[in-house]
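Peer 1: To start, I am sharing the structure in question, which I have written as structure tokens.
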Amino acid sequence: MLGFPNFNENPKLPQTQNNFSYQYRIQKGQDTLKTMSGAPSDLIMTEFTGPDLTPSPACLAVAPTGEVYVGVDMIGSLGKDMGKGFIRRFVDSDNNGSMDKHTDFARVDNPRGIFVLGDQVFVLHTTFDSKSGIATGMDLVVFEDKNHDGVADGDPKVLINGLSNAKYIQERGTDHATNGIRMGIDGWIYIAVGDFGFHNATGADGKKLTNLGGGVLRVRPDGTEMELYTHGLRNIYDVAIDPYMNIFTRDNTNDGGGWDIRFSHQIQSGEYGYPLLFQNFTEEVIPALAMLGGGSGTGSLYMDEDTWPEKYNKVPMMADWGRNFLYMHHVTPDGPSFKQKEEEFIKLPQITDVDVDGSGRLYLSAWDGAGYSGNPDKGYIVRVVPQGWSYKAFPEIKNASVADLKGLLKSGSSTTRLYASQELVARASDEAAAAALETAQDKNLPLSTRVAGIYTYAQIAKGKGVSALLDLGKEPAVREFAYRALTDRLATVDQVPTDPFVEGLKDPSVRVQAVSAVSLGRLGRPEVANSLLQVAVPASFVAPAKGKEGPHDVPNSALIVPHLAVKALVRLNAVNPAVGFLSTESPDLALWALRYMHDPRAVDGLIAAYGKTKDQKLKEKILVTLARLYKKEADYDASWWWGTRPDSHGPYYKAIDWASSPVIEKFLVAEGAKSGTAKKQYFADLNEKFRMEIAAFDVAEPKALAEKQPAEKKVDLEKIKNQKGQVGKTSIEEVMIALRKVKGDPTKGKALFNKQGCHACHSINKGEAMKGPFMGQIGGIMNREQIAESILRPNASISQGFSTVLVTTKDKKNFMGFVTQETASKLVLRDIAGNVNTINKSNVASRKEMPTSMMPAGLANSLTMEEFASLVSFLERQK
């Protein structure tokens with residue numbers, strides 16, 4: 000069905016060798032593991048596999064019993080050729096840290112996420128048409144291995160089809176597509192969606208979803224009940240899930256657009272704003288917990304294993320491919336969310352993923368320079384354990400009694416609790432339900448155990464468990480979790496009363512308030528709207544000033560509950576109740592919710608309320624709301640993507656008129672005509688901010704910026720690269736050796752940055768015009784040698800988002816350069832000489848990502864070693 004060629008047809012793919020493991024052990028020696036540097040001194044990091052077996056490892060997962068599944072991806076993020084990916088399974092039979100045997104479990108291209116559950120192995124991967132070799136999208140599938148031979152039993156079952164944008168996978172690759180998968184204690188599989196989004200993704204039950212942009216999706220393990228969990232992320236690669244269903248993500252850098260890595264707490268139904276709300280509408284988003292500089296977030300894990308030292312335990316661990324580190328984020332409660340402190344943990348070159356087994360063995364995958372299209376000679380897996388760690392066999396849960404499984408829910412290992420829970424759910428017996436409920440009710444047990452009991456019981460009992468969960472909700476310590484479990488499955492919410500959640504909006508616990516707001520939206524009963532509309536909007540709900548970017552990375556816990564209440568109101572389509580609240584003393588939440596209700600009743604109600612009130616502040620808020628409603632986002636058909644350098648003005652990317660646009664325009668123009676001269680600018684500002692394009696509000700354009708500023712001096716790069724000096728006459732290896740001895744002068748390096756033409760394609764300050772790869776943070780992403788290699792060998796590591804683009808227009812013109820800006824209607828390219836070309840998308844005949852860097856080799860050839868060291872030192876300081 001998958002149509003992949005045989006491994007033997009591609010000589011670059013490693014061969015399956017069932018006897019290789021024995022040779023490998025003899026080579027290495029029974030007790031001579033290769034110890035790796037990069038981990039803290041009280042941890043032991045050893046090589047588990049090398050590039051001979053795990054080249055280009057994009058993801059991995061570990062069964063609780065210790066079998067390691069590695070997703071090998073020699074297509075890479077920008078490659079296009081099928082037949083280069085597979086899942087390889089490894090076993091350390093005697094648990095001494097050395098791999099003993101391996102099998103090729105399954106063939107899939109671009110594996111991006113793996114999760115193991117008993118005999119099932121869930122895989123997220125790119126699909127290809129076997130005849131044309133062209134990518135067709137991404138699927139979430141499940142393989143089975145019932146005979147436990149380490150090889151999948153035939154073709155997989157498709158759980159979700161079409162989980163990405165096939166057009167842009169074909170044109171670009173899988174780098175902004177859908178990525179990691181992980182199961183929570185609630186039994187849902189959570190999926191990290193990159194900002195390609197997806198169109199008409201179809202679950203096993205036939206449910207279809209379309210999503211513009213990145214976020215978190217979730218689905219039941221049988222492929223049913225698919226739903227969007229959060230929205231507005233850039234290019235996340237994975238999710239970390241704690242025992243209480245707090246989910247954490249690490250976004251990628253925005254390729255020089257001024258928005259760096261964002262560490263976020265994902266709250267159900269939340270909007271996180273990328274890229275449309277980050278500049279001018281930040282009051283509408285849940286902010287990230289921190290913005291952390293440049294990098295590329297990859298795999299993640301919430302570490303909760305009692306075999307690990309306290310200082311490394313109970314933390315989200317987030318891999319960063321660009322920074323070559325696994326980070327710990329120490330989170331502390333802050334109302335319904337958290338505050339965080341980042342700490343470097345384990346250094347590993349281009350780390351891609353991380354997972355842990357039931358005995359506490361941590362496994363990490365290193366891409367290690369395999370490039371953007373994979374490499375058969377690069378990449379490996381390491382194992383990390385604490386000093387003094389000893390192996391403890393994972394229980395045989397398939398043969399365990401219900402009483403034994405109940406006992407395992409009390410484990411200090413979140414891995415053990417999850418798999419014990421899923422075994423109880425699989426049995427689905429009255430005995431299993433009773434064991435889970437008793438665990439949930441026992442006030443003497445740790446909270447993590449009781450929470451595991453609540454979610455296990457909810458999955459087994461379903462609608463029959465409503466009464467018991469309501470009783471649990473009466474206890475403050477577990478109310479949050481009982482309430483969430485009550486509305487977790489939409490198929491059974493018709494049996495759940497609304498009163499507990501209405502009361503929950505006023506609960507002393509802000510976390511209960513947050514869950515109650517989300518749950519009221521999920522219950523789907525519009526009669527609760529008035530209760531939601533009474534949620535107070537704090538003074539911090541303030542739009543950014545004109546020309547200023549708002550704070551989208553500063554935690555603001557006071558805004559979270561009102562944000563969730565608004566999302567619930569929109570889900571309920573509570574137009575009439577929101578309009579009714581405009582005449583009350585507290586209309587702000589109603590106005591906020593009405594921003595998203597593109598309904599003629601909303602427009603008519605706002606206009607009517609405007610005419611009735613004498614409150615000038617309320618009048619202005621109504622004008623803002625009407626301006627927000629003037630356009631709406633076009634339905635996403637997957638024929639476009641906003642690229643790595645998106646137009647971020649907002650509030651829409653591909654804005655279109657709708658039925659009430661003429662009504663809004665007529666009203667606003669009439670009000671603008673009544674206004675005095677001072678007020679005309681107010682309407683002009685509304686017109687600009689919301690991009691209404693109402694001609695009556697246009698103001699005279701100022702003279703072009705080019706007339707105010709001198710044109711940028713063009714640089715003759717050919718002349719520069721043809722000059723031969725000390726660097727040009729020396730091998731790259733000797734240059735690297737010299738760099739260790741010659742430190743250089745950063746001040747001189749700054750001057751050389753301009754002299755050598757670097758400024759033509761690279762900006763240093765965020766206020767400068769967008770060019771090519773941003774250098775203002777390069778020292779925080781690359782070390783000294785990596786910076787030097789990028790200059791000397793520009794094709795060795797092309798910055799994501801800055802590969803050369805060749806655009807051919809319908810009138811037969813060719814343009815080549817970096818994409819510096821992209822909107823729904825135009826594309827802006829900057830070429831190697833600094834020339835800027837704006838192309839109407841309607842005139843684009845073809846657009847192709849080139850495999851080489853636009854930066855020519857040899858730009859540093861004329862330099863002395865001292866000068867080159869100075870240039871590197873200057874860039875090294877840009878953090």
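Following numbering that gives the first Met the number 0, the numbering of the sequence shown begins with 0 at its first residue and continues without gaps.
C-beta: ideal position from N, C-alpha, C; glycine also.
Does the count of Cβ pairs from the region 226-245 and the region 297-316 closer than 8 Å reach three?
Peer 2: Contact between the region 226-245 and the region 297-316 is present, because at least three Cβ pairs lie under 8 Å.
Peer 1: With H, G and I counted as helix, E and B as strand and the rest as coil, what does DSSP make of Ser869?
Peer 2: In the structure shown, Ser869 sits in a helix (DSSP, three-state: H, G or I).
Peer 1: Taking Ala450 as part of the alpha helix (DSSP H), name the residues at either end of that continuous run.
Peer 2: According to the sequence provided, residue 450 is Val. The question's Ala does not apply to it. Looking at the DSSP string, the run of the alpha helix (DSSP H) that includes Val450 is 446-460.
Peer 1: I need the DSSP call for Gln119, collapsed to helix, strand or coil.
Peer 2: Gln119: strand per DSSP, three-state reduction.
Peer 1: My understanding is that Val383 touches Ala38, with C-beta atoms under 8 Å, so please give their C-beta distance in whole angstroms.
Peer 2: Confirmed, Cβ separation roughly 6 Å.
Peer 1: Are the region 651-661 and the region 575-593 in contact at 8 Å, needing three or more beta carbon pairs?
Peer 2: No, because fewer than three Cβ pairs between the region 651-661 and the region 575-593 fall closer than 8 Å, the two stretches do not touch.
Peer 1: Terminal residues of the continuous alpha helix (DSSP H) containing Tyr595?
Peer 2: Run containing Tyr595: none; DSSP gives neither H nor E here.
Peer 1: Is it a yes or a no for the region 116-132 touching the region 206-213, going by three-plus beta-carbon pairs under 8 Å?
Peer 2: No: the two stretches stay apart, fewer than three of their Cβ pairs being nearer than 8 Å.
Peer 1: Tell me which residues share the same chain as Leu862 and place their Cβ nearer than 6 Å to its Cβ, disregarding the 5 neighbours each side in the sequence.
Peer 2: Only Gly724, Val726 meet the Cβ criterion.
Peer 1: Apart from the five residues just before and just after Gly359, which ones in its own chain have a Cβ nearer than 7 Å to its Cβ?
Peer 2: Cβ neighbours of Gly359 beyond the five flanking positions: Glu304, Thr306, Trp307, Val384, Trp388.
Peer 1: Can you tell me whether DSSP reads Arg627 as helix, strand or coil?
Peer 2: Correct three-state label for Arg627: helix.
Peer 1: Using a Cβ-Cβ cutoff of less than 8 Å, which residues in the same chain neighbour Ile345 once the five nearest sequence positions on both sides are dropped?
Peer 2: Answer for Ile345: Gly37, Ala38, Pro39, Leu42, Met44, Phe324, Leu325, Leu363, Val383, listed in chain order.
Peer 1: CA-CA distance, Ile86 and Cys58?
Peer 2: Their backbone Cα atoms lie some 9 Å apart in a straight line.
Peer 1: Can Val353 and Met316 be called in contact, C-beta distance under 8 Å?
Peer 2: For Val353 and Met316, yes; Cβs fall inside 8 Å.
Peer 1: Identify whether Pro332 lies in helix, strand or coil by the three-state DSSP scheme.
Peer 2: Here Pro332 sits in strand by DSSP.
Peer 1: In angstroms with no decimal places, state the Cα-to-Cα distance between Ala683 and Asn839.
Peer 2: When rounded, the distance between both Cα atoms is 26 Å.
Peer 1: With three or more C-beta pairs closer than 8 Å as the rule, is the region 537-557 touching the region 284-294?
Peer 2: Verdict: yes, contact present.
Peer 1: Give me the DSSP bridge partner(s) of Tyr68.
Peer 2: Ala60, Arg88, per the DSSP bridge assignment.
Peer 1: In whole angstroms, what is the alpha-carbon distance linking Met864 and Thr837?
Peer 2: Their Cα atoms are separated by approximately 40 Å.
Peer 1: Report the three-state DSSP secondary structure of Leu361 (helix, strand or coil).
Peer 2: Here Leu361 sits in strand by DSSP.
Peer 1: Is Val477 helix, strand or coil by DSSP?
Peer 2: Here Val477 sits in helix by DSSP.
Peer 1: Could you check whether the region 654-670 touches the region 619-638, counting it as contact only if at least three pairs of C-beta atoms, one from each stretch, sit closer than 8 Å?
Peer 2: Touching, yes, given that three or more Cβ pairs across the two stretches are closer than 8 Å.
Peer 1: Measure the CB-CB distance between Thr177 and Leu158 and report whether it falls below 8 Å.
Peer 2: Contact: no.
Peer 1: Tell me the DSSP secondary structure of Asn836 in three-state form.
Peer 2: Strand, per DSSP.
Peer 1: Among Thr201, Tyr189, Asp241, Tyr243, which has the Cα closest to the Cα of Val218?
Peer 2: That would be Tyr189, whose Cα lies nearest to the Cα of Val218.
Peer 1: Measure the C-alpha to C-alpha separation of Gly214 and Phe262 and round it to an integer number of angstroms.
Peer 2: Cα to Cα, Gly214 sits roughly 13 Å from Phe262.
Peer 1: Please report the residue range of the alpha helix (DSSP H) in which Asn575 lies.
Peer 2: Run containing Asn575: 574-579, per the alpha helix (DSSP H) assignment.
Peer 1: Given that a residue counts as buried once 16 or more other Cβ atoms are within 10 Å of its Cβ, and exposed if not, what is Tyr21?
Peer 2: In this prediction, Tyr21 has a pLDDT of 26, which is less than 50 and means its spatial position is unreliable; what the coordinates show is noted afterwards. Burial call: exposed.
Peer 1: Would you tell me roughly how many angstroms separate the C-alpha atoms of Thr331 and Lys310, rounded to the nearest one?
Peer 2: If you take the alpha carbons of Thr331 and Lys310, they lie about 14 Å apart.
Peer 1: Just verifying my parser: in three-state terms, what is the DSSP assignment at Met327?
Peer 2: Three-state DSSP puts Met327 in a strand.
Peer 1: So, with DSSP's three-state summary, where would you put Thr34?
Peer 2: Of the three classes helix, strand and coil, the one that applies to Thr34 here is strand, per DSSP.
Peer 1: Are Ala439 and Ile459 close, meaning C-beta to C-beta below 8 Å?
Peer 2: Taking 8 Å as the Cβ cut-off, Ala439 and Ile459 do not qualify as a contacting pair.
Peer 1: Let's test the definition: count the other Cβ atoms within 10 Å of the Cβ of Ala369 and tell me whether it reaches 16, buried, or not, exposed.
Peer 2: Ala369 should be labelled buried.
Peer 1: Hey, would you say Gly112 sits closer than 8 Å to Ile180, going by beta carbons?
Peer 2: Going by C-beta atoms, Gly112 is nearer than 8 Å to Ile180.
Peer 1: Using the Cα positions of Lys27 and Phe393, report the straight-line distance between them to the nearest angstrom.
Peer 2: At Lys27, the pLDDT of 39 sits below 50, so the modelled position is not reliable and the matter cannot be decided from this model.
Peer 1: Report the residue from Gly411, Arg488, Ser539 whose alpha carbon sits nearest the alpha carbon of Ala451.
Peer 2: Nearest of Gly411, Arg488, Ser539 to Ala451, Cα basis: Gly411.
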